[in-house]
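Working notes, beginning with the structure itself.
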Amino acid sequence: MKVTFPHMGNLWIVLKTLFTHLGLDVVVPPPCTKRTMELGVRYAPESACLPLKVNLGNFLEARELGADTIVMAGGVGPCRIGYYAAVQHEILKDLGYEFDMVVFEPPDVHFSEVWDKIKYLNRRPWQEGVRGVILAWQKACAIDALEQQLHRLRPLEEKPGQADLIFRKALEKIDEANDRRSIKRVYKEAESELNNIHRRSINPLRIAIVGEIYTVLEPLVNLDMEKRLGRLGVEVVRGLFISRWINDNLFKGIMPLPNHHPEKTAPPYLNHFVGGHGWDSVGDAVAFSRSGCDGVIQLAPLTCMPEIVAHSVMPSVQQDTGVPIMTIYLDEQTGEAGLQTRLEAFVDMIGRQKNNSLNKGIINI
Ligand code: SF4
């Protein structure tokens, strides 16, 4: 069995660690590129969600490397996530590729199925599997903590790109690390290198990124938005990280991570789950606006129903908090020049708003 999975930001490091400890032969899909997107777009229905298309491209590229089994997350609720795996499986079959698909539904809905699938995949004593879960979790936390420092540093560094280089090298070492001590050492080394970067003394704008998980975490899909904002002198903050997703969905919030509770922050704008990350997007937009962010950017795949619902209440959030919110829908047609222009205009506008606090009020976008 040669296992592969969807590529989403740095999630591959976490999944590779976990599956390796389960005793599986792991085929990491190559990083998402234009080719990945083109492959997915060529074979997926035009109206399918963008993540479905890119993931299909991941599977086709992994197939070229010998993968024969796909492990992915399923979903329940009002949006199309529940059909994802079945649609992809049929497309791959039509193309003549026989993949075994193992789809994990949320554990609170189908716990016994989740357990059966873990048993199906596991090739080693269960203690080794537990060790893999712990190690994967520690890697997720280290990556996310370093990424937050990267977000803080990007707008400040005198020589742009240094922090990204340190982060990339740290990712390689975290991938290779095989115990907690090694992860800690890599983290400390990277942290000290980041601290030694020469900084400009400016007070950067802070923009929160909220939205659908794939568009937020995968740089190919959002055209490296965080890096672009960093270059425009913006510190990016976000609540959506791999560790948060694992904690919220798999560990049921038992780990001591910063709390994000859409059930507390999203009402009265949105009072219940609407599928995907729509509720979280509203909750995070409210929380970040109230905690001093200068602007919020909501990211969504074109036609993503939960984010469309979230988008519909963002004007009220903006009106009540006075913090500008811009929604960006992304698909395979999204062009770099258009996106850059929108980001520059947004940053320019919130910069002026900040400089003229008397004028702080509603801004229509
Ligand atoms: S959350 Fe949005 S992008 Fe994801 S499956 Fe649902 S509709 Fe598609």
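For the sequence shown, the working numbering gives the first residue as 59, with consecutive numbering after it.
Glycine included, every Cβ here is placed at the ideal spot set by N, Cα and C.
Since we're looking at a predicted model, the values are computed, not measured.
The ligand SF4 heavy atom lying under 7 Å from the CB of residue i
i: Ile-71; result: no
i: Arg-410; result: no
i: Met-66; result: no
i: Cys-107; result: yes
i: Pro-359; result: yes
i: Arg-138; result: yes
i: Glu-365; result: yes
i: Tyr-245; result: no
i: Tyr-142; result: yes
i: Cys-90; result: no
i: Gly-187; result: no
i: Gly-115; result: no
i: Gly-334; result: yes
i: Glu-270; result: yes
i: Cys-362; result: yes
Classification of residue i by the beta-carbon crowding that lies within 10 angstroms, buried from 16 upward
i: Asp-338; result: buried
i: Ile-420; result: Legend: pLDDT at Ile-420 = 47, less than 50; position of this residue unreliable, no value from coordinates given.
i: Arg-138; result: buried
i: Gln-146; result: buried
i: Asn-422; result: Only weak support is given to the placement of Asn-422: the predicted model assigns it a pLDDT of 41, under 50, and the value that follows is read from those uncertain coordinates. Burial call: exposed.
i: Asn-113; result: buried
i: Leu-416; result: Below a pLDDT of 50, predicted positions are generally treated as unreliable, and Leu-416, at 48, falls in that range; the measurement from the model is reported next regardless. Exposed, since its Cβ has fewer than 16 Cβ neighbours within 10 Å.
i: Asp-352; result: buried
i: Asn-350; result: The residue you asked about is not Asn; residue 350 is Gly in the sequence shown. Exposed, by the Cβ-count rule.
i: Val-188; result: exposed
i: Gly-67; result: buried
i: Gly-190; result: buried
i: Leu-97; result: buried
Reference residue i, options the options, closest by Cα
i: Gly-269; options: Phe-63, Ala-235, Gly-334, Glu-390; result: Gly-334
i: Leu-278; options: Met-407, Asn-413, Val-161, Gln-391; result: Gln-391
i: Arg-258; options: Arg-210, Ile-304, Arg-296, Arg-286; result: Arg-210
i: Met-384; options: Gly-393, Ala-343, Phe-157; result: Ala-343
i: Leu-208; options: Glu-293, Asp-282, Met-59; result: Glu-293
i: Pro-179; options: Ser-240, Lys-111, Leu-82, Ala-144; result: Correcting the residue type first, residue 179 is Leu in the shown sequence and not Pro. Taking only the C-alpha atoms, the option nearest Leu-179 is Leu-82.
i: Leu-153; options: Arg-189, Gly-115, Lys-175; result: Gly-115
i: Met-363; options: Val-340, Val-381, Gly-336; result: Gly-336
i: Phe-77; options: Gly-140, Leu-328, Thr-323, Trp-195; result: Trp-195
i: Asp-424; options: Pro-183, Val-160, Gln-185; result: Limits of the chain in this structure are 59 at one end and 423 at the other, which puts residue 424 out of reach.
i: Ile-44; options: Val-72, Phe-63, Thr-62; result: Past the boundaries of the shown model lies residue 44; the chain is included only from 59 to 423, so the question cannot be answered.
i: Glu-163; options: Val-172, Gly-219, Glu-156; result: Val-172
i: Met-59; options: Asp-126, Leu-97, His-79, Lys-111; result: Asp-126
i: His-459; options: Leu-150, Ala-102, Ile-128, Ile-241; result: Coverage of the chain is limited to positions 59 through 423, which leaves residue 459 absent and any answer about it impossible.
i: Pro-218; options: His-256, Ile-408, Lys-177, Gly-341; result: His-256
i: Ala-395; options: Arg-348, Arg-410, Asp-282, Pro-314; result: Asp-282
Within-8 Å CB hit, residue i to chain C
i: Cys-90; result: Annotation note: the requested chain C is absent from the structure, which comprises a single protein chain.
*Please determine if the segment 219-229 and the segment 305-319 are in contact, where contact requires at least 3 C-beta pairs separated by less than 8 Å.*
Counting Cβ pairs under 8 Å, fewer than three are found: no touch.
_Could you tell me which whole alpha helix (DSSP H) segments of length 4 or greater appear in the segment 200-232?_
Those alpha helix (DSSP H) runs which fall completely within the segment 200-232 and span 4+ residues do not exist here.
*Does the segment 346-364 come close enough to the segment 242-251 to have 3 or more Cβ pairs within less than 8 Å?*
No, the segment 346-364 is not in contact with the segment 242-251.
*So, do the segment 286-303 and the segment 369-377 have three or more beta carbon pairs nearer to each other than 8 Å?*
No, the segment 286-303 does not touch the segment 369-377.
*Output the residue ranges of the beta strand (DSSP E) runs that lie fully inside the segment 292-318 and measure 3 residues or longer, sorted by chain position.*
The beta strand (DSSP E) runs of length 3 or more contained entirely in the segment 292-318 are, from start to end of the chain, 292-296.
*Ignoring anything shorter than 4 residues or poking outside the segment 108-159, list the alpha helix (DSSP H) runs there in chain order.*
108-122, 139-152, all fully within the segment 108-159.
*Should the segment 74-92 be called in touch with the segment 114-122, which here means at least 3 C-beta pairs below 8 Å?*
Per the Cβ contact rule, the segment 74-92 is in contact with the segment 114-122 (3 or more Cβ pairs under 8 Å).
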